[in-house]
């Protein structure tokens, strides 16, 4: 008897559905635009149709279940997509219940960053690790934490929101890691410096229209050696490194996997990050054996993770179950 | 067949050993001064003698194991007391191995704040909860985290060091929760303000010798309505509240239990803490059902927790095991 898993990646822009085998390989996949503005019902109908197309034609292939990656906030305990900012029209949608009723398979829901953590453990940079922090830095900062082999979810699955740790307390001013180190923060600092008169190639990159500067602009300018952009990226790396210091003392992980656009900056970002960790961690035992690696999985990360969600019963069972499947094809 | 557990509380000042029953009641206990300066060997000999005295005389009473609460850093995986600052002469002492060899019982080691979290779940303020943050604020800030029923330890048992989250990044200045909100921070701020000319009853409380001001001085003055002390306590509550915001987003707990000297200030501290949480948490779902309670267990907290360590096999098994024992005496 063969076995397969259906993975669903409900993104703000794209909706992907795949058939995944026991070793977390994608056997077949379909992708369409989510068209979130048309509302949840229309999207769910298209999702159902795509799932039907991905079901195995061979009656000897057993479907182990359906795993769904959705933007947060989503509640893995209740199976409800709560109110993701990038899915307008989705509000308290009981997606697990809907798909379970339609197809009759065990169905699991996870938020995209948690699902990505599982995927990186199953097939990516964190393969084989049991104490893992996954952090993705782009326009926002998301996180997924696996502690002693299990996904850290918390009471309502709202845990591991690593971008929302508080990093600055200065009089009345309070700011989070996300507000200081994600893409928009980089852009904000670049614009403020240029408005204050600093020269930078970024001004030319946006044809003088500073409203067009974004995190990617700063990253590209830094790679080209622009002084202002380099200083901003270095500062972001330092602040991210201090965020890591918090995560190291809170979770004592074996590995930190960094994903998202900002992470592609490589050592420009990683070096000041590592320096901050070494300088501010309480003890070298927190970082001397620590691995810090860029994420390895690309656009299929959510599909692989959604399948891993099924194998680990929503992340509640040990990630060893994923490794087990991998070891014994 | 009756069952009992031996709990050991190895503190910097006092060494306590107790016989604890299945319901986590202390049946008998002994307490002596640790006299840490005499070195680990002498203390371990006295510890062994006290354990012998606490073993059940009734041959029908089975000893389930020995649990040890020790100051951090201690490694629960290896059973080694690493190098606690308040246990001079203790350096990489394999305490679990030593006691296991001497008595032949399963033996578990935990750091005091983690053990206190288990104790508060077994017999205290967090009884029956599965997502628990315990934080103790006195001269330092320690933490214990139970996530989905299991103690969060991390790779080498160095996790849940909640005092070491980074709270201030201001240019080159970096500071942690502990350095901003524990007792010495309160004292430092009080002394600085008085040296700058602010009046306060604290000056009289220490007969003009400002080197004698400590966290307790500030607390007592605040309770008496001293304006400076009140402002300092309020600020500490605000910063602690922002630390809680970090913990809420990272762990999504059901309950926060606050222990240690500073926590006895009650609403003077708890009100600004609650205000900071409500103001800075991403969403009300993080705090609307959240319980925040002072710790309930007194000086026996470590003995009860050490016994709970045995029942949960070092915190690796579900805390439901403790509740189970409680429900079925």
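Residue numbers (this note's numbering), protein chains in the order written: chain C, 1 to 329; chain F, 1001 to 1329.
All residues carry an ideal CB built from backbone N, CA and C; glycine is no exception.
In this text, all values refer to a predicted model and were calculated from it rather than measured experimentally.
Inter-stretch contact at 8 Å, needing at least 3 Cβ pairs: the region 312 to 320 of chain C / the region 111 to 118 of chain C: yes
I need the straight-line Cα distance from residue 180 of chain C to residue 241 of chain C, nearest angstrom please. 12 Å
Environment of residue 60 of chain C [buried if 16+ CB atoms lie within 10 Å]: exposed
Just to confirm, is the Cβ distance from residue 159 of chain C to residue 153 of chain C under 7 Å? yes
Between residue 321 of chain C and residue 67 of chain C, is the Cβ-Cβ spacing less than 7 Å? no
Assuming residue 1219 of chain F and residue 1233 of chain F are in contact, meaning their beta carbons sit under 8 Å apart, how far apart are those beta carbons, in whole angstroms? 7 Å
Beta-carbon gap between residue 132 of chain C and residue 126 of chain C smaller than 7 Å: yes
Give the DSSP-derived three-state secondary structure of residue 130 of chain C in the structure shown. coil
Excluding five sequence neighbours on each side, which residues of the same chain lie with their C-beta closer than 7 Å to the C-beta of residue 167 of chain C? 175, 176, 177, 180, 239, 242 and 243
Less than 7 Å between the C-beta atoms of residue 1013 of chain F and residue 1043 of chain F, yes or no? no
Sheet register partners of residue 1070 of chain F (DSSP bridge): F:1111
Please work out which residues of its chain come closer than 7 Å, Cβ to Cβ, to residue 1028 of chain F, disregarding the five sequence neighbours upstream and downstream, and give them in chain order. 1018, 1019 and 1054
Residues near residue 65 of chain C in its chain [Cβ-Cβ closer than 7 Å; skip 5 each side]: 5, 105, 106, 107, 108 and 310
Range covered by the alpha helix (DSSP H) that runs through residue 1305 of chain F: 1301 to 1311
CA nearest to the CA of residue 3 of chain C, picked from C:225, C:10, C:22 and C:228: C:22
Hey, how far is the Cα of residue 1336 of chain F from the Cα of residue 62 of chain C? Any question about residue 1336 of chain F goes unanswered here, given that chain F covers just 1001 to 1329.
In its own chain, which residues sit with a C-beta less than 6 Å from the C-beta of residue 1230 of chain F, not counting the 5 before and 5 after it? 1222
7 Å Cβ shell around residue 226 of chain C - same chain, five flanking residues per side excluded: 200, 201 and 202
Listed from N- to C-terminal order along the chain, which residues in the region 181 to 194 of chain C have their beta-carbon within a distance smaller than 7 Å of any beta-carbon of chain F? none
Run through DSSP, which three-state label would residue 265 of chain C get? helix
Cβ of residue 69 of chain C within 7 Å of Cβ of residue 216 of chain C? no
Closest by CA to residue 237 of chain C, which one among C:145, C:148 and C:267? C:267
Cα-Cα separation between residue 1074 of chain F and residue 1080 of chain F, rounded to whole angstroms: 6 Å
If you run the structure through DSSP and keep just helix, strand and coil, what is residue 136 of chain C? strand
Looking at the C-beta of residue 1230 of chain F, does it have a partner C-beta in chain A at a distance below 7 Å? You won't find chain A in this structure, because its protein chains are C and F.
Taking 7 Å as the CB-CB cut-off, is residue 252 of chain C touching chain F? yes
Whose Cβ in chain F lies nearer than 7 Å to the Cβ of residue 36 of chain C? Under the 7 Å cutoff, chain F gives no residues; its nearest Cβ is about 20 Å from residue 36 of chain C.
Beta-bridge partners of residue 166 of chain C, as assigned by DSSP: C:176
Indicate the three-state DSSP secondary structure (helix, strand or coil) for residue 15 of chain C in the structure shown. strand
Helix, strand or coil: how does DSSP classify residue 1191 of chain F here? helix
In angstroms, rounded to a whole number, what distance separates the CA positions of residue 259 of chain C and residue 145 of chain C? 13 Å
Mapping DSSP to helix, strand and coil, what is residue 1211 of chain F? helix
Counterpart residues of residue 1062 of chain F in DSSP-defined beta bridges: F:1003
The beta strand (DSSP E) that contains residue 330 of chain C, what's its start and end? There is no way to answer for residue 330 of chain C, as the model of chain C reaches only from 1 to 329.
At 7 Å on the CB atoms, spell out the chain F contacts of residue 159 of chain C, in chain order. 1250, 1251 and 1252
Proximity of residue 1140 of chain F and residue 1113 of chain F at Cβ, strictly below 7 Å: no
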